[in-house]
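J.:
Number of protein chains: 2
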Amino acid sequence: MMKNEATEKRFFDVVGIGNAIVDVLVKTDDSFLAKHSLIKGSMSLVDQKKAEELYNESGPGMETSGGSAANTLSGISQLGGSAGFIGRVKEDQLGAIFTHDIKSVGTYFRTPPALDGPSTARCLIFVTPDGERTMCTYLGASVQLEPEDLELSIVKEANVLYLEGYLWDNSSAKRAFLAAAEAARSSKRKVALSLSDSFCVDRHRESFLDLIEKNVDILFANENEIISLFQCQDFETAIKEVKDCCEVIALTRGKTGSVIIHEGEALTIPAFSFGELVDTTGAGDLYASGFLYGYTTNKSLLECGKMGSICAGKVVTQLGPRPQSSLRSLIINHI
Amino acid sequence: MMKNEATEKRFFDVVGIGNAIVDVLVKTDDSFLAKHSLIKGSMSLVDQKKAEELYNESGPGMETSGGSAANTLSGISQLGGSAGFIGRVKEDQLGAIFTHDIKSVGTYFRTPPALDGPSTARCLIFVTPDGERTMCTYLGASVQLEPEDLELSIVKEANVLYLEGYLWDNSSAKRAFLAAAEAARSSKRKVALSLSDSFCVDRHRESFLDLIEKNVDILFANENEIISLFQCQDFETAIKEVKDCCEVIALTRGKTGSVIIHEGEALTIPAFSFGELVDTTGAGDLYASGFLYGYTTNKSLLECGKMGSICAGKVVTQLGPRPQSSLRSLIINHI
Numbered sequence: 038m039m040k041n042e043a044t045e046k047r048f049f050d051v052v053g054i055g056n057a058i059v060d061v062l063v064k065t066d067d068s069f070l071a072k073h074s075l076i077k078g079s080m081s082l083v084d085q086k087k088a089e090e091l092y093n094e095s096g097p098g099m100e101t102s103g104g105s106a107a108n109t110l111s112g113i114s115q116l117g118g119s120a121g122f123i124g125r126v127k128e129d130q131l132g133a134i135f136t137h138d139i140k141s142v143g144t145y146f147r148t149p150p151a152l153d154g155p156s157t158a159r160c161l162i163f164v165t166p167d168g169e170r171t172m173c174t175y176l177g178a179s180v181q182l183e184p185e186d187l188e189l190s191i192v193k194e195a196n197v198l199y200l201e202g203y204l205w206d207n208s209s210a211k212r213a214f215l216a217a218a219e220a221a222r223s224s225k226r227k228v229a230l231s232l233s234d235s236f237c238v239d240r241h242r243e244s245f246l247d248l249i250e251k252n253v254d255i256l257f258a259n260e261n262e263i264i265s266l267f268q269c270q271d272f273e274t275a276i277k278e279v280k281d282c283c284e285v286i287a288l289t290r291g292k293t294g295s296v297i298i299h300e301g302e303a304l305t306i307p308a309f310s311f312g313e314l315v316d317t318t319g320a321g322d323l324y325a326s327g328f329l330y331g332y333t334t335n336k337s338l339l340e341c342g343k344m345g346s347i348c349a350g351k352v353v354t355q356l357g358p359r360p361q362s363s364l365r366s367l368i369i370n371h372i
Numbered sequence: 038m039m040k041n042e043a044t045e046k047r048f049f050d051v052v053g054i055g056n057a058i059v060d061v062l063v064k065t066d067d068s069f070l071a072k073h074s075l076i077k078g079s080m081s082l083v084d085q086k087k088a089e090e091l092y093n094e095s096g097p098g099m100e101t102s103g104g105s106a107a108n109t110l111s112g113i114s115q116l117g118g119s120a121g122f123i124g125r126v127k128e129d130q131l132g133a134i135f136t137h138d139i140k141s142v143g144t145y146f147r148t149p150p151a152l153d154g155p156s157t158a159r160c161l162i163f164v165t166p167d168g169e170r171t172m173c174t175y176l177g178a179s180v181q182l183e184p185e186d187l188e189l190s191i192v193k194e195a196n197v198l199y200l201e202g203y204l205w206d207n208s209s210a211k212r213a214f215l216a217a218a219e220a221a222r223s224s225k226r227k228v229a230l231s232l233s234d235s236f237c238v239d240r241h242r243e244s245f246l247d248l249i250e251k252n253v254d255i256l257f258a259n260e261n262e263i264i265s266l267f268q269c270q271d272f273e274t275a276i277k278e279v280k281d282c283c284e285v286i287a288l289t290r291g292k293t294g295s296v297i298i299h300e301g302e303a304l305t306i307p308a309f310s311f312g313e314l315v316d317t318t319g320a321g322d323l324y325a326s327g328f329l330y331g332y333t334t335n336k337s338l339l340e341c342g343k344m345g346s347i348c349a350g351k352v353v354t355q356l357g358p359r360p361q362s363s364l365r366s367l368i369i370n371h372i
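Heads up: the protein sequence lines correspond to chains X and S, in order.
For the first sequence, the positions run 38 to 372 when the numbering used here is used.
For the second sequence, the positions run 38 to 372 when the numbering used here is used.
Here you go:
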């Protein structure tokens with residue numbers, strides 16, 4: 038097994054940058070997706086008008102803090118790791134909910150809220166009876182993240198900098214993202230990236246490939262994302278393409294489990310199941326939580342993968358992306 | 038079986054008045070309740086400062102529309118009944134969530150929001166591992182309900198006027214409540230009351246007894262509430278005390294089911310179970326939904342009670358008081 042270099046204890050295990058989003062979970066059926074031309078399992082960006090239109094036509098919802106990187110960092114805190122989040126909310130009720138939820142699990146979060154402009158970002162998540170989620174995101178205040186908001190001191194104090202691909206969808210957040218990646222690299226920290234969504238990869242393929250080659254040590258992707266990144270026919274071909282692109286590549290495959298690639302070797306990790314599939318929201322985010330918690334506590338890659346699988350397997354048995362039960366005791370009982 | 042008088046079809050089956058509240062559901066443990074001197078299963082009123090203090094010390098939450106009467110009316114709409122709600126939110130993000138959720142199931146809701154003053158009401162609901170809920174309510178904008186906000190036309194157009202006991206905790210809502218009860222009685226409509234909480238009964242025992250005697254046709258209460266109302270030693274004694282106080286009395290007993298009292302006769306209704314107990318929030322409210330849906334569709338009292346038991350049995354298997362799955366198909370399959 039690889040011995041990772043993150044052995045020197047720093048204040049933060051992982052610091053991440055992402056869109057600060059409140060999720061609105063709505064149970065719906067396939068005909069709703071068809072009516073609104075939504076592609077199941079995808080994330081679309083919508084403007085305020087479209088967000089309101091979709092919301093008005095939706096059934097009753099449940100609101101819970103979300104955002105891909107924010108979910109991952111919350112999960113790391115819930116596992117007992119030390120995590121920090123950088124992202125922008127507005128000073129409004131949804132912003133207060135986001136701020137409360139992430140701080141309440143012990144994640145460091147100090148990015149000042151926007152005092153004017155658009156409201157806190159919202160993601161309408163339509164959960165179909167098969168447990169699959171389809172997302173429509175109104176980015177709102179989260180796009181106002183600028184490089185000067187970055188707390189480079191906390192980025193340099195973290196063993197791993199974690200970035201979500203979704204940030205690529207707005208230029209100021211992308212600039213902040215690149216500035217942070219460079220700061221982390223210059224301090225010899227690891228940089229991890231989650232590709233987020235296959236359509237997001239489609240929109241930004243070339244710049245993602247460039248970023249991965251130059252600045253990424255740990256890459257998280259699911260099957261669709263990695264196939265899209267390399268424009269392959271299937272997962273097996275994508276695995277061959279990906280193998281030298283960075284130090285560690287963790288590829289998630291839903292019920293099939295995951296594959297971790299390191300130094301040309303592929304490790305297969307089984308999926309864990311803890312009950313009926315209710316909602317896949319947050320599965321990839323929580324896989325990254327478990328993996329990075331293992332990685333920053335110097336576990337073997339096999340154990341990192343298992344921790345990821347356990348966290349992902351648990352979050353899909355509930356509604357919403359922030360685990361409602363103790364991840365720490367789950368890991369202790371299953372590793 | 039009694040033939041109820043609600044046979045003439047009017048526009049609304051049930052119109053209700055209640056506090057318009059957004060719930061913040063937080064999973065917690067018994068030590069949190071002990072630390073904050075909260076009595077398990079009860080509802081306490083808190084001011085804004087106390088609400089913020091408790092929230093700051095709570096874990097991550099999920100937000101969902103709540104409010105006792107609002108839950109009942111949403112449930113009636115989900116069953117296919119025609120329901121209207123009267124209650125006050127503020128024009129803020131939580132108010133928009135409340136308004137969306139209740140309208141999205143088809144409940145009529147047109148009370149204009151408050152434009153200034155305190156924010157939309159919030160109820161912190163601490164759910165312990167046994168599934169029991171303990172509530173701390175900040176009434177916020179909901180106390181601004183005045184008699185002039187009442188749409189007496191819709192009250193007169195409803196077969197049943199439904200009132201929650203919690204309204205008794207603020208004087209303007211209480212005045213609105215009494216005005217509505219009188220309007221309903223003068224139009225020969227039925228008036229239903231839910232006692233809401235044993236501590237609420239303690240605070241207002243005399244005026245509840247007076248109200249029930251003069252203005253209530255259908256009374257909903259759980260064991261603790263009815264024992265508190267008559268200051269009895271046990272449920273059996275309370276049943277004897279209650280029997281002539283109004284036309285129909287529905288007494289819920291959790292896992293033991295419910296007892297319906299009419300013309301001196303007591304009908305015993307079993308509880309229904311649809312899986313593991315997750316959260317008792319909304320159990321009493323949804324019992325009233327099922328019962329009143331049956332009552333306004335001219336079902337026998339035995340069937341009304343069964344419908345109540347089914348709706349209550351379903352809502353306790355999920356987090357939050359608004360059922361996420363179809364109540365209508367559940368009733369069709371179980372009656």
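We treat Cβ as the ideally placed atom computed from N, Cα and C, and that holds for glycine.
Do the stretch 125-136 of chain X and the stretch 309-327 of chain X touch if we need at least three Cβ pairs shorter than 8 Å?
T.: These segments do not touch.
J.: So, are the CB atoms of X:VAL164 and X:LEU200 less than 9 Å apart?
T.: Against a cut-off of 9 Å, the Cβ pair of X:LEU200 and X:VAL164 comes out as no contact.
J.: When you compare the CB positions of S:LEU256 and S:ILE54, do they come within less than 9 Å of one another, or not?
T.: Contact: no.
J.: Chain X beta carbons: is any one of them nearer than 9 Å to that of S:GLY98?
T.: Closer than 9 Å to some Cβ of chain X, the Cβ of S:GLY98 qualifies, so yes.
J.: Report the neighbours of X:ILE134 on chain S: residues whose CB is nearer than 7 Å to its CB, in chain order.
T.: Ordered by position in chain S, the residues that pass the 7 Å Cβ test against X:ILE134 are GLU100.
J.: May I ask you to verify whether the stretch 292-309 of chain S touches the stretch 238-245 of chain S, counting CB pairs closer than 8 Å and requiring at least 3?
T.: Output reads no: the stretch 238-245 of chain S does not touch the stretch 292-309 of chain S.
J.: Identify every residue that forms a DSSP beta bridge with X:VAL201.
T.: A small correction: the amino acid at residue 201 of chain X is Glu; Val does not occupy that position in the sequence shown. DSSP output for X:GLU201 lists X:SER231 as bridge partner(s).
J.: Considering only DSSP beta bridges, list what S:ALA120 is partnered with.
T.: The partner list for S:ALA120 (beta bridge, DSSP) reads S:VAL51.
J.: If the cut is a Cβ gap below 7 Å, which residues of chain X does S:HIS73 touch?
T.: Near S:HIS73 there are no residues of chain X at all, since even the closest Cβ is about 15 Å away, more than 7 Å.
J.: Does any residue of chain X have a CB that is nearer than 9 Å to the CB of S:LYS19?
T.: This structure does not reach residue 19 of chain S, given that chain S is present from 38 up to 372, and the question cannot be answered.
J.: Identify the residues that DSSP records as bridge partners of S:ASN259: which are they?
T.: Answer is S:THR289, bridged to S:ASN259.
J.: Using a Cβ cut-off of 7 Å, pull out every chain S residue sitting near X:GLN361, in sequence order please.
T.: Result: LYS64.
J.: From the DSSP output, read off the bridge partner residues of S:TYR145.
T.: For S:TYR145, which the question treats as bridged, DSSP gives the partners S:GLY121.
J.: Under 9 Å, Cβ to Cβ, is there at least one residue of chain S near X:ASP67?
T.: For X:ASP67, the answer is no, since every Cβ of chain S falls outside 9 Å of its Cβ.
J.: Helix, strand or coil for X:GLY98 per DSSP?
T.: Strand, per DSSP.
J.: Against X:GLY357, what residues of chain S qualify as contacts under a CB-to-CB distance less than 7 Å, listed in chain order?
T.: Per Cβ cutoff of 7 Å: MET99.
J.: Apart from the five residues on each side of it in sequence, which residues of its chain come closer than 7 Å, Cβ to Cβ, to X:PHE48?
T.: Closer than 7 Å at Cβ, skipping near neighbours: SER119, GLU194.
J.: What does S:LEU314 touch in chain X if you count any residue whose Cβ is under 8 Å from its own?
T.: Under the 8 Å cutoff, chain X gives no residues; its nearest Cβ is about 15 Å from S:LEU314.
J.: Would you verify that the beta carbon of S:ILE139 is, or is not, closer than 9 Å to some beta carbon of chain X?
T.: At least one chain X Cβ lies under 9 Å of S:ILE139.
J.: By alpha-carbon positions, which one of S:VAL180, S:LYS351, S:ILE191 ends up nearest to S:GLU313?
T.: The residue with the shortest Cα to Cα distance from S:GLU313 is S:LYS351.
J.: In chain order, what residues of the same chain lie with their CB nearer than 8 Å to the CB of S:SER373, ignoring the 5 residues before and after it?
T.: Residue 373 of chain S lies beyond the stretch modelled for chain S, which goes from 38 to 372, so this question has no answer here.
J.: Could you say which of S:GLY291, S:GLY112, S:SER95 lies nearest to S:GLU260 if we only look at CA atoms?
T.: The candidate whose alpha carbon is nearest that of S:GLU260 is S:GLY291.
J.: Looking only at C-alpha atoms, which of X:THR317, X:ALA57, X:LEU62, X:THR109 sits nearest to X:VAL51?
T.: That would be X:THR109, whose Cα lies nearest to the Cα of X:VAL51.
J.: Go ahead and label X:ASP322 buried or exposed: buried means 16 or more other beta carbons lie within 10 angstroms of its beta carbon, across all protein chains shown.
T.: Classification for X:ASP322: buried.
J.: So X:VAL238 packs on X:LEU215, CB below 8 Å; how close in whole Å?
T.: X:VAL238 to X:LEU215, Cβ: 17 Å. No contact.
J.: Bridge partners of X:SER127, per DSSP?
T.: For clarity, residue 127 of chain X is Lys in the given sequence; the question names Ser instead. Beta-bridge pairing links X:LYS127 to X:ALA151.
J.: Could you tell me which chain X residues have their CB closer than 8 Å to the CB of S:GLY142, listed as they occur along the chain?
T.: The question names Gly, yet the displayed sequence has Val at residue 142 of chain S. The contacting residues are GLY96, PRO97.
J.: Between which residues of its own chain and X:ILE162 is the CB-CB distance below 6 Å, once the five residues before and five after are set aside?
T.: Answer for X:ILE162: ASP60, LEU62, ARG170, MET172, THR318, listed in chain order.
J.: Measuring straight from C-alpha to C-alpha, what distance separates X:GLU42 and X:LYS336?
T.: Model confidence at X:GLU42 stands at a pLDDT of 45, short of 50, so the residue's coordinates are unreliable and nothing is read from them.
J.: When the cut-off is 9 Å and only beta carbons count, does X:SER111 lie next to chain S?
T.: Chain S, which has a Cβ nearer than 9 Å to the Cβ of X:SER111, makes this yes.
J.: S:LEU116 and S:ARG359 look like a contact to me (Cβ under 8 Å); what is the Cβ gap, rounded to whole Å?
T.: So it is not a contact: roughly 13 Å between Cβ atoms.
J.: Identify whether S:ALA133 lies in helix, strand or coil by the three-state DSSP scheme.
T.: Correct three-state label for S:ALA133: helix.
J.: Give the secondary structure of X:ARG159 by DSSP, where H, G and I count as helix, E and B as strand, and everything else as coil.
T.: DSSP places X:ARG159 in strand when its eight states are reduced to three.
J.: Pick out whichever of X:ASP316, X:GLU219, X:VAL315, X:ILE286 has its Cα sitting closest to the Cα of X:TYR304.
T.: Correcting the residue type first, residue 304 of chain X is Leu in the shown sequence and not Tyr. Comparing Cα positions, the closest option is X:ILE286.
J.: Just how far apart, CA to CA, sit S:MET80 and X:SER209?
T.: The alpha-carbon atoms of S:MET80 and X:SER209 are separated by roughly 46 Å.
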